[in-house]
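Participant: The structure follows.
In my numbering, the protein residues as written are 1327 to 1525.
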């Protein structure tokens, strides 16, 4: 059974504690966490790589990438970040997925840049005048566009299931959860969204 990982929190920048050891700040809810360079590197790697698309990104992937980047004791950093609520691990079972979806929400980064005649099914998001961060398919774009309005990821699952049912394709929130998690992976890996706690 594979365990996927998602980063939780919004990056707040670097704070100079002293010249030798600046810390990186990540906000989760109302709390700011100060991370060492190595811990921050592991948190960043938990976002995944853009080329994995909507595929899974596991704790093992994060550890492998961190060790390859020269991070000492990457597994310990993963465990500490999970304990602090900065990483969420989701086992490949319906109960774990639903718990994650009910406990977390999504918020967006960037602005919509629209589609184009050569990619009517692709919707760009990025920064006007600076460029496109990612081109989203219809499902990703719908989640990006409306997901931050939902109080939890589970609410987004409920909405997608309802729309799917109206289109004559019977579904339920648990049935679309895997799709939503794939869309979240794509958005997070491309920097188009971040995850936070729902409470």
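Backbone N, C-alpha and C define an ideal beta-carbon position, used for all residues, glycine too. Since the structure is predicted, the reported quantities are computational estimates derived from the model, not experimental observations.
Where does residue 1495 sit, in a helix, a strand or coil, going by DSSP?
Facilitator: For the purposes of this step, residue 1495 is taken as the residue at position 169 of the chain shown. Three-state DSSP puts residue 1495 in coil, outside helix and strand.
Participant: Please report the straight-line C-alpha distance between residue 1403 and residue 1368, rounded to a whole angstrom.
Facilitator: Position 77 of the chain shown, counted from the start, is the residue given in the question as residue 1403. Position 42 of the chain shown, counted from the start, is the residue given in the question as residue 1368. Straight-line Cα distance between these residues: approximately 7 Å.
Participant: Could you pull the start and end residues of the beta strand (DSSP E) that residue 1337 belongs to?
Facilitator: By one-based count along the chain shown, residue 1337 stands at place 11. Here the beta strand (DSSP E) through residue 1337 covers 1336–1341.
Participant: Around the C-beta of residue 1358, are 16 or more other C-beta atoms found within 10 angstroms, so that it is buried, or is it exposed?
Facilitator: Mapped onto the chain shown, residue 1358 falls at position 32. When all chains shown are included, residue 1358 counts as exposed.
Participant: Can you have a look at residue 1389 and say buried or exposed, based on whether 16 or more other CB atoms are within 10 angstroms of its CB?
Facilitator: As a position in the chain shown, residue 1389 is number 63, starting the count at 1. So residue 1389 counts as buried.
Participant: So the candidates are 1407, 1424 and 1330; which of them puts its Cα closest to the Cα of residue 1385?
Facilitator: Position 59 of the chain shown, counted from the first residue, corresponds to residue 1385. Selected option, being the one with the closest Cα: 1330.
Participant: By Cβ distance, which residues of its chain are closer than 6 Å to residue 1465, with the 5 residues on each side in sequence left out?
Facilitator: On the chain shown, residue 1465 is found 139 positions in, with the first residue counted as 1. Taken in chain order, the residues that qualify are 1509.
Participant: Is DSSP giving residue 1410 helix, strand or coil here?
Facilitator: In the chain shown, counting from the first residue as 1, residue 1410 sits at position 84. Reduced to three states, the DSSP call for residue 1410 is coil.
Participant: Going by Cα to Cα distance, which pick from 1355, 1425 and 1406 is closest to residue 1433?
Facilitator: The count along the chain shown starts at 1 and reaches residue 1433 at position 107. The residue with the shortest Cα to Cα distance from residue 1433 is 1355.
Participant: Taking 7 Å as the limit between beta carbons, can you name the residues of its chain near residue 1517, skipping five residues before and five after?
Facilitator: Mapped onto the chain shown, residue 1517 falls at position 191. So the qualifying residues of the chain are 1435 and 1459.
Participant: By alpha-carbon positions, which one of 1450, 1419, 1377 and 1378 ends up nearest to residue 1437?
Facilitator: Position 111 of the chain shown, counted from the start, is the residue given in the question as residue 1437. Closest by alpha carbon: 1450.
Participant: Taking only three categories from DSSP, how would you classify residue 1380?
Facilitator: Position 54 of the chain shown, counted from the start, is the residue given in the question as residue 1380. It is coil, neither helix nor strand.
Participant: With 16 other CB atoms within 10 Å as the buried threshold, where does residue 1412 fall?
Facilitator: Reading the chain shown from its first residue, position 86 is the one you call residue 1412. Buried is the call here.
Participant: If the criterion is Cβ atoms closer than 9 Å, does the pair residue 1439 and residue 1452 meet it?
Facilitator: Walking along the chain shown from the start, residue 1439 turns up at place 113. Walking along the chain shown from the start, residue 1452 turns up at place 126. Contact: yes.
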